[in-house]
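Undergrad: Can you read through this structure? Questions will come right after.
Protein chains in written order, with the numbering used here: chain A, 4 to 342; chain B, 4 to 342.
Below you can see the structure in the form of structure tokens.
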């Protein structure tokens with residue numbers, strides 16, 4: 004982000020008809036967007052865009068989710084026909100949604116399968132998620148998708164992830180990258196019961212045993228204990244930063260990918276904002292590690308991008324405040340008295 | 004709020020294509036709006052309306068604010084010409100703003116002065132804010148304004164307050180009603196320095212000495228240590244509840260009025276939602292006492308209604324989720340497996 008635009012935005016905030024700092028985090032947001040765009044006041048986002056990465060995970064067969072793997076494909080159809088939470092949240096925030104099949108277990112319409120890497124990723128508690136070539140291909144797919152979107156005019160990107168089993172894989176990656184014990188990262192995901200929680204904890208423990216030795220190498224980690232969808236999201240997030248395009252992060256799976264992306268492209272996080280804090284326990288580890296303070300904390304845990312979209316109107320508002328509020332001089336309002 | 008619509012909304016959430024409870028607080032919001040409207044799914048708000056109550060306070064002369072009293076009138080003009088934060092936030096959330104002069108120290112356009120009670124309210128550290136008749140008139144004005152707005156089609160109300168000195172008065176009312184020591188309620192308001200903070204603390208201490216004996220009688224409390232604007236807001240909030248119209252609360256001054264309104268009309272708070280947590284320390288006491296959990300916590304402290312408006316898109320989203328998402332059956336998505 005641009006330091007001169009940052010300074011201009013801070014200075015403009017001091018001239019607007021409100022007590023200095025009285026809009027709190029909204030002021031910081033507007034300053035950050037100004038810096039990302041390199042201009043003050045910031046432009047309203049012309050094309051905020053959600054890319055929803057879909058992929059299945061072999062671990063789903065271990066009973067780690069309240070839903071069967073078929074739901075991934077069914078939800079992809081639901082996204083395409085506009086019936087999912089992410090669609091409603093996008094409409095509400097004037098954003099649009101693109102679905103990409105990175106590793107759904109079944110065939111999907113060719114419309115969304117151009118970047119498909121494989122059918123499902125491996126069951127990481129007992130085998131590698133991906134081959135080396137697939138890992139590279141998935142990251143490249145995410146980078147290519149970011150390029151496509153930015154070249155198409157997207158000026159704010161949001162990644163979502165859909166795939167039964169994805170919180171299990173995400174928890175493993177996050178535990179490996181933050182050196183955390185398994186039990187601290189096991190969440191209820193889609194809403195598993197106690198027996199499911201114990202199965203999930205066992206899978207995470209086993210997968211972490213495989214993951215820890217390669218935790219220092221992000222590509223090896225994605226290959227051994229990741230998944231193609233998450234690898235693609237990490238490429239997407241890294242490329243967005245390389246292209247100087249701001250990103251609003253969503254929940255757990257995107258958070259796991261963000262930790263990887265920050266390894267692939269150090270300081271990529273300067274281009275990211277945390278839309279919300281997920282109810283999944285491992286998400287707090289992500290936010291801490293990336294030093295990001297979420298805008299919302301509403302107990303959401305969907306992962307499709309709906310949490311980020313719920314926060315998007317705050318970004319829009321923060322831009323408009325800088326662009327549309329009157330200054331003390333314009334409004335003829337007396338400034339603060341010096342004491 | 005209506006229990007049958009509440010139950011219908013809870014049941015509908017369980018049928019929508021998302022893991023049960025995965026939208027967290029957004030689900031509760033949609034249920035609450037359904038219950039307020041007595042229908043499920045809830046209707047999108049047709050006319051969300053901000054009423055901004057303006058009034059000066061005698062304590063401003065004691066140097067408790069970073070701004071002189073003239074700023075109240077100047078900001079009223081700024082609201083009318085659309086240059087203030089509340090105007091931008093309203094536009095961003097598809098709401099409209101009405102300004103009413105309840106007790107501005109100077110004359111304002113007749114357009115907004117129909118409900119004016121007096122010029123400024125008394126300096127509560129040494130005199131009563133209002134006479135008994137003025138107190139009654141101010142509450143009645145707030146009730147009448149709520150009626151006007153609801154009769155005019157408003158289906159979601161937001162109150163804001165403008166008046167230099169209002170955080171001092173609000174802190175006194177809140178301390179009196181929650182039996183809190185002065186030092187715990189003194190905030191920086193518009194951004195006073197340490198010397199100003201000490202002056203403000205002394206004024207609050209003196210006013211509280213006058214307020215405590217009448218803390219059990221809301222009308223007497225408003226008369227002795229309140230202000231016409233805050234009295235009007237309390238009438239407005241009580242009447243909104245009587246008219247079964249949901250309200251999104253803003254910051255400190257509205258919070259002080261809400262404590263009074265809950266005394267005037269017990270359980271009025273069932274019709275209220277806390278838009279945000281203000282950075283003012285006394286606001287947390289309000290939220291605790293009313294048992295309201297704020298939607299946003301962004302360090303805002305403006306009081307014009309901008310904090311409530313920042314949260315409004317979340318309400319809109321929560322309505323749309325219930326109205327627009329596909330059910331498992333409609334989308335052909337497999338529901339959760341029973342274990």
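A virtual CB, placed ideally from N, CA and C, is assigned to each residue, including glycine.
(1) With respect to the alpha helix (DSSP H) encompassing residue 200 of chain A, which residues constitute its N-terminal and C-terminal limits?
(2) Is it true that the region 220 to 235 of chain A meets the region 190 to 198 of chain A, where meeting means three or more beta-carbon pairs spaced less than 8 Å apart?
(3) Verify whether the separation of the beta carbon atoms of residue 26 of chain B and residue 305 of chain A is less than 8 Å.
(4) Measure the alpha-carbon distance for residue 152 of chain A versus residue 52 of chain A and round it to whole angstroms.
(5) With a threshold of 8 Å between beta-carbons, can residue 193 of chain A be considered close to chain B, or not?
(6) Beta-carbon within less than 6 Å of residue 37 of chain A's beta-carbon, same chain only, minus the 5 sequence neighbours each way: which residues are those?
(7) Does residue 321 of chain A pass the burial test, meaning 16 or more other C-beta atoms within 10 Å, or should it be called exposed?
(8) How about the region 105 to 124 of chain A and the region 224 to 238 of chain A: do they share at least three Cβ pairs that are nearer than 8 Å?
(9) Can you tell me where the beta strand (DSSP E) with residue 58 of chain B in it begins and where it stops?
(10) Going by DSSP, which residues form a beta bridge with residue 165 of chain B?
(11) For a contact meaning CB atoms closer than 8 Å, what does residue 13 of chain A contact in chain B?
(12) Contact criterion: CB-CB distance below 8 Å. Does residue 342 of chain A meet it with respect to chain B?
(13) When you check each C-beta in the region 33 to 54 of chain A against every C-beta of chain B, which residues fall closer than 8 Å?
(14) Given that a residue counts as buried once 16 or more other Cβ atoms are within 10 Å of its Cβ, and exposed if not, what is residue 281 of chain B?
(15) Rounded to whole angstroms, what is the Cα-Cα separation between residue 180 of chain B and residue 288 of chain B?
(16) Where do the ends of the alpha helix (DSSP H) carrying residue 251 of chain B lie?
(17) Consider the Cβ of residue 86 of chain A: report whether some Cβ of chain B lies at a distance smaller than 8 Å.
(18) Please confirm if residue 21 of chain A has its CB atom under 8 Å from at least one CB of chain B.
(19) Compare the C-beta of residue 319 of chain A against all C-beta atoms of chain B and say whether one is closer than 8 Å.
(20) Can you list, in chain order, the residues of its chain with a C-beta nearer than 8 Å to that of residue 1 of chain A? Leave out the 5 residues immediately preceding and following it.
(21) Between the region 53 to 71 of chain B and chain A, which residues of the former have CB atoms less than 9 Å from a CB of the latter, in chain order?
(22) Please classify residue 22 of chain B as buried or exposed, where buried requires at least 16 other C-beta atoms within 10 Å of its C-beta.
(23) Please classify residue 106 of chain A: does DSSP put it in a helix, a strand, or coil?
(24) Spatial neighbours of residue 70 of chain A within its chain, please: CB distance less than 7 Å, with the 5 preceding and 5 following residues excluded, ordered by chain position.
(25) Give the interface partners of residue 323 of chain B over in chain A, defined as CB-CB distance under 9 Å, in chain order.
(26) Going residue by residue through the region 86 to 134 of chain A, where are the continuous alpha helix (DSSP H) segments of at least 4 residues, counting only ones entirely within it?
(27) Please list, in chain order, the chain A residues whose beta carbon lies closer than 9 Å to that of residue 304 of chain B.
(28) Taking the Cβ atom as the reference point for each residue, do residue 258 of chain B and residue 89 of chain B lie within a distance shorter than 8 Å?
(29) So, are the CB atoms of residue 138 of chain A and residue 226 of chain A less than 8 Å apart?
(30) Classify residue 269 of chain B as buried or exposed, calling it buried when 16 or more other Cβ atoms lie within 10 Å of its own Cβ.
(31) By the 10 Å Cβ neighbour count, where 16 or more other Cβ atoms means buried, how is residue 191 of chain B classified, buried or exposed?
(32) Please report whether the beta-carbon of residue 334 of chain A lies at a distance below 8 Å from any beta-carbon of chain B.
(33) Quick check: is the beta carbon of residue 337 of chain B nearer than 8 Å to any beta carbon in chain A?
(34) Helix, strand or coil: how does DSSP classify residue 268 of chain A here?
(35) For residue 276 of chain A, which residues does DSSP report across the bridge?
(36) State yes or no: is the C-beta of residue 260 of chain B within less than 8 Å of the C-beta of residue 128 of chain B?
TA: Put simply:
(1) 197 to 214
(2) no
(3) yes
(4) 8 Å
(5) yes
(6) 8, 12, 43, 45
(7) buried
(8) yes
(9) 51 to 58
(10) B:57
(11) Per Cβ cutoff of 8 Å: no residues; residue 13 of chain A is ~15 Å from chain B at best.
(12) Interpretation of residue 342 of chain A is limited by its pLDDT of 42, a score under 50 that renders its predicted location unreliable; no figure is taken from the coordinates.
(13) none
(14) buried
(15) 10 Å
(16) First-last for residue 251 of chain B: 250 to 252, but that is the beta strand (DSSP E), not the alpha helix (DSSP H).
(17) yes
(18) yes
(19) yes
(20) The first residue shown for chain A is 4 and the last is 342, placing residue 1 of chain A beyond what the model contains.
(21) 66, 68, 69, 70, 71
(22) buried
(23) strand
(24) 167, 193
(25) 91, 92, 94, 95
(26) 88 to 95, 113 to 116
(27) 22, 24, 25, 26, 27
(28) no
(29) yes
(30) exposed
(31) buried
(32) yes
(33) yes
(34) coil
(35) A:251
(36) no
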